[in-house]
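Q: The sequence shown lines up with residues 6 to 431 when you count with this note's numbering.
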Amino acid sequence: MRTQAPAEGGLRMVAALLVGVALTMAGSGPLTTLVSLRLEAMGTARIAIGAVMAAYFGGLTLGSLFAYKLVLGAGHIRAFAAFASMTSAVALAYPLVMHPLSWAVLRLVEGFCMAGIFICVESWLNDRASPATRGKILALYMMCLYLAQAAGQFLLGLDEGPGQPRVFMFISILMSLAILPVALTRQAPPTLPDVASFSPRRLYEASPLGVVGTVASGLVLGAVYSLGPVFARRFAGLEASGAALFMSALIFGGVLLQWPLGRLSDAFDRRRVIIGTMAALAAAAAALPFLAREGQGALFAAAVLFGGFAFALYPLCVGHTNDHLAPRDRVAASGGLVLAYSVGATVGPLAGSGAMSAMGAAGLFAYAAGVALLGLLFGLWRMRARAPVPAERQGPFQPAPGTTPIAAPLDPRGTQDLPHGAAKVV
């Protein structure tokens, strides 16, 4: 009983943070879908929609690099409140300034603030995690990220149509409520962990397939997150609530398939599982537009499969990269992979919207299939260029969030030798 008390206490201490995360994601998830749908309803060109949606991931990347300075200056609680309050205000500003350029600025600010929120939460979770609870806390954190984001999509069923602000108001309320559990906590704020990232060249030299697969994951998910609602409306003919359900199916699929594919990668050469996942992702992307013609049931089932393979790709590539690194280097490498994913996610909406402009709405998934096939070919080449990692050297699979580099120390694979609350500095 005594050995379990610290673990149970550690989990209780992060409950307020996880509630704040869940409320934040329940608001930010449908906001992305709503902005995409409203831009489409305004008659905005698809390439312009892609640029507006890419601005969020650009802000997320900038925030991952620079928002920590605001956290250091203001402290975790005040910084979290400021970032969440600004995100709430941004949600209310969308219906007041109905112009793509203005919305691109709002998306950039929103992405920067979301990165700041992630930095506050992830550094706090890392500080409260012990070796016994680190894996549990990471799993709970990811559940809050994905499940709240998927559940929040159902807010779009309250949408009254273009020009109506009610859903934006509900989203703003959720963002504002997210401040309460963090602002009222009695916990002492943590020290921000110093997590250096590998240079792109060093990261690529360590694991070419890991880097390319991570960027491919960002290219696909950034595009589908941003433009999936437009596909659902224009190609599948769904209403706003149906488009929201389509996006929820994608996210739920990611929750369902990560662990099965991850455990499979523990038993076999992880590169084979990555290549197989890319092949399955390409097949699911190619089939999805055809299944959309067969009815909503077939479309949503295809969305679950597509989301499952797409969301599994990033943690598989993180695991493969870790297989080629010493434990002391894994935190820095994971931080570099988060930034590589963010760069891919920033480019993805632009490339996906270009494909949609050239090929119609179905071009989004033709683009996703093309990215997956290119990644597959690269993986096959890497299998010829390098021998597999021996099975005894492969680390256990661990789901990983592609949020900010601050999340990297939560990964138990790189922190077994750390004292409680510490983070590695490389």
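Where is the CB? At the ideal position from N, CA and C, for every residue including glycine. Quick caveat, the model's predicted, so the values are computed rather than measured.
So the alpha helix (DSSP H) MET103 belongs to, where does it begin and stop?
A: Position 98 of the sequence shown, counted from the start, is the residue given in the question as residue 103. Taken as a continuous stretch (DSSP letters only), MET103 belongs to no alpha helix (DSSP H), as it is neither H nor E.
Q: Taking only the alpha-carbon atoms, compute the straight-line gap between VAL431 and GLY300 and give it to the nearest angstrom.
A: By one-based count along the sequence shown, residue 431 stands at place 426. By one-based count along the sequence shown, residue 300 stands at place 295. In this prediction, VAL431 scores a pLDDT of 33, lower than 50, which makes its location untrustworthy; the coordinate-derived value is nonetheless stated afterwards. Rounded to the nearest angstrom, the two C-alpha atoms are 52 angstroms apart.
Q: Cα separation between VAL26 and GLY63?
A: Within the sequence shown, the letter at position 21 stands for residue 26. Within the sequence shown, the letter at position 58 stands for residue 63. One C-alpha to the other measures close to 21 angstroms.
Q: Put ALA137 into one of helix, strand or coil per three-state DSSP.
A: Here residue 137 is taken as the residue at index 132 of the sequence shown, counted from 1. Coil, per DSSP.
Q: Given this structure, state the Cα-to-Cα distance separating ALA308 from GLY242, to the nearest angstrom.
A: If you number the sequence shown from 1, residue 308 lands on position 303. If you number the sequence shown from 1, residue 242 lands on position 237. ALA308 and GLY242: Cα-Cα distance of roughly 15 angstroms.
Q: Residues in its own chain within less than 6 angstroms of GLN421 by CB, not counting five upstream and five downstream?
A: Taking the sequence shown and counting its residues from 1, one reaches residue 421 at position 416. Low confidence applies here, because GLN421 scores a pLDDT of 49, under 50, leaving its location unreliable and the question unanswered by this model.
Q: What three-state label does DSSP hand ARG298 in the structure shown?
A: As a working mapping, residue 298 is identified with position 293 in the sequence shown. Looking at ARG298 - three-state DSSP - the assignment turns out to be coil, as it is neither helix nor strand.
Q: Indicate the three-state DSSP secondary structure (helix, strand or coil) for ARG191 in the structure shown.
A: As a working note, residue 191 is residue 186 in the sequence shown. Of the three classes helix, strand and coil, the one that applies to ARG191 here is coil, per DSSP.
Q: Starting from the C-beta of ALA434, find all residues in its chain whose C-beta is less than 7 angstroms away, skip the five residues before and the five after it, and write them out in chain order.
A: Past the boundaries of the shown model lies residue 434; the chain is included only from 6 to 431, so the question cannot be answered.
Q: My understanding is that VAL415 touches LEU77, with C-beta atoms under 8 angstroms, so please give their C-beta distance in whole angstroms.
A: Here the question's residue 415 lines up with position 410 in the sequence shown. Here the question's residue 77 lines up with position 72 in the sequence shown. Reading the sequence as shown, one finds Leu at residue 415 and not Val. Contact flag wrong, Cβ pair sits at about 20 angstroms.
Q: Answer yes if the stretch 218 to 232 comes into contact with the stretch 127 to 144, meaning at least three C-beta pairs across the two stretches below 8 angstroms, and no otherwise.
A: Output reads no: the stretch 218 to 232 does not touch the stretch 127 to 144.
Q: So, GLY223 versus TYR61, is the Cβ gap smaller than 8 angstroms?
A: Residue mapping note: residue 223 aligns to position 218 of the sequence shown, counting from 1. Residue mapping note: residue 61 aligns to position 56 of the sequence shown, counting from 1. No, Cβ-Cβ distance for GLY223 and TYR61 is not below 8 angstroms.
Q: For GLY349, I'd like the list of residues in its chain whose CB is within less than 6 angstroms of its CB, leaving aside the five on either flank, ordered along the chain.
A: Here residue 349 corresponds to residue number 344 of the sequence shown, with the count starting at 1. Taken in chain order, the residues that qualify are VAL220, GLY223, LEU224.
Q: Would LEU179 pass as a contact of ALA31 if the rule is Cβ separation under 8 angstroms?
A: For the purposes of this step, residue 179 is identified with residue 174 of the sequence shown, where counting begins at 1. For the purposes of this step, residue 31 is identified with residue 26 of the sequence shown, where counting begins at 1. Yes.
Q: Buried or exposed for ALA390, please, with buried defined as at least 16 other CB atoms from any protein chain shown within 10 angstroms of its CB.
A: Position 385 of the sequence shown, counted from the first residue, corresponds to residue 390. So ALA390 counts as exposed.
Q: Answer with buried or exposed for GLY168, where buried requires no fewer than 16 other C-beta atoms within 10 angstroms of its C-beta.
A: Stepping through the sequence shown from its first residue, residue 168 is reached at position 163. So GLY168 ends up on the exposed side.
Q: Find the nearest neighbour of ARG239 within the set GLU45, LEU39, VAL24, THR409, judged by alpha-carbon distance.
A: Counting from one through the sequence shown, the residue named residue 239 turns up at place 234. The candidate whose alpha carbon is nearest that of ARG239 is GLU45.
Q: Return the chain-ordered ranges of every alpha helix (DSSP H) run that is complete within the stretch 352 to 396 and spans a minimum of 4 residues.
A: Whole alpha helix (DSSP H) segments, 4+ residues: 368 to 390.
Q: Against chain D, does LEU321 count as a neighbour if the rule is that its beta carbon must be under 8 angstroms from one of theirs?
A: As a matter of chain content, chain D is missing from the structure shown, which is built from one protein chain.
Q: For GLU210, report the span of its alpha helix (DSSP H) as first-last.
A: In the sequence shown, the residue the question calls residue 210 occupies position 205. Segment 205 to 211, the alpha helix (DSSP H) holding GLU210.
Q: Taking the C-alpha atoms as reference points, what is the distance between LYS429 and GLN403?
A: Counted from its first residue, the sequence shown places residue 429 at position 424. Counted from its first residue, the sequence shown places residue 403 at position 398. For LYS429, the predicted structure reports a pLDDT of 38, less than 50, and the residue's modelled location is therefore unreliable. A value from the coordinates is still provided. LYS429 and GLN403: Cα-Cα distance of roughly 18 angstroms.
Q: When burial is assigned at 16 or more other CB atoms within 10 Å of the CB, is ALA392 buried or exposed?
A: In the sequence shown, counting from the first residue as 1, residue 392 sits at position 387. Exposed, since its Cβ has fewer than 16 Cβ neighbours within 10 Å.
Q: Taking only three categories from DSSP, how would you classify VAL19?
A: Mapped onto the sequence shown, residue 19 falls at position 14. Coil, per DSSP.
Q: Is the beta carbon of ALA377 sitting closer than 8 angstroms to the one on ALA317?
A: What you label residue 377 is simply residue 372 of the sequence shown in a count that begins at 1. What you label residue 317 is simply residue 312 of the sequence shown in a count that begins at 1. No, they are not a contact pair.
Q: Looking at GLY313 and GLY258, is the spacing between their C-beta atoms short of 8 angstroms?
A: The residue labelled residue 258 in the question sits at position 253 within the sequence shown. The residue labelled residue 313 in the question sits at position 308 within the sequence shown. Cβ distance < 8 angstroms, so GLY258 and GLY313 count as in contact.
Q: Closest to LEU342 by CA distance: which of ALA211, MET252, LEU161 is it?
A: Locating residue 342 in the sequence shown gives position 337, counting from the first residue. When each option's Cα is compared against that of LEU342, the closest is ALA211.
Q: Apart from the five residues on each side of it in sequence, which residues of its chain come closer than 7 angstroms, Cβ to Cβ, to VAL19?
A: As a position in the sequence shown, residue 19 is number 14, starting the count at 1. Within the same chain, VAL19 has close Cβ partners LEU130, ARG133, ILE142.
Q: Return the first residue and the last residue of the alpha helix (DSSP H) that ALA79 is part of.
A: As a position in the sequence shown, residue 79 is number 74, starting the count at 1. Taken as a continuous stretch (DSSP letters only), the alpha helix (DSSP H) holding ALA79 covers 51 to 79.
Q: When you compare each of ALA87, MET174, VAL187, LEU28 to PRO100 by their alpha carbons, which one comes out closest?
A: Along the sequence shown, read from residue 1 onward, the residue named residue 100 stands at position 95. For the residues ALA87, MET174, VAL187, LEU28, the minimum Cα distance to PRO100 belongs to MET174.
Q: Report the option in VAL235, TYR151, ALA153, ALA405 whose CA atom is closest to the CA atom of ASP267.
A: Position 262 of the sequence shown, counting from 1, holds the residue named residue 267. Residue identity check: residue 267 is Gly in the sequence provided, not Asp. Ranking the options by Cα distance to GLY267, first place goes to ALA405.
Q: Spatial neighbours of CYS118 within its chain, please: C-beta separation below 6 angstroms, excluding the five flanking residues on both sides.
A: For the purposes of this step, residue 118 is taken as residue 113 along the sequence shown, with counting starting at 1. Around CYS118: PHE88, MET91, THR92.
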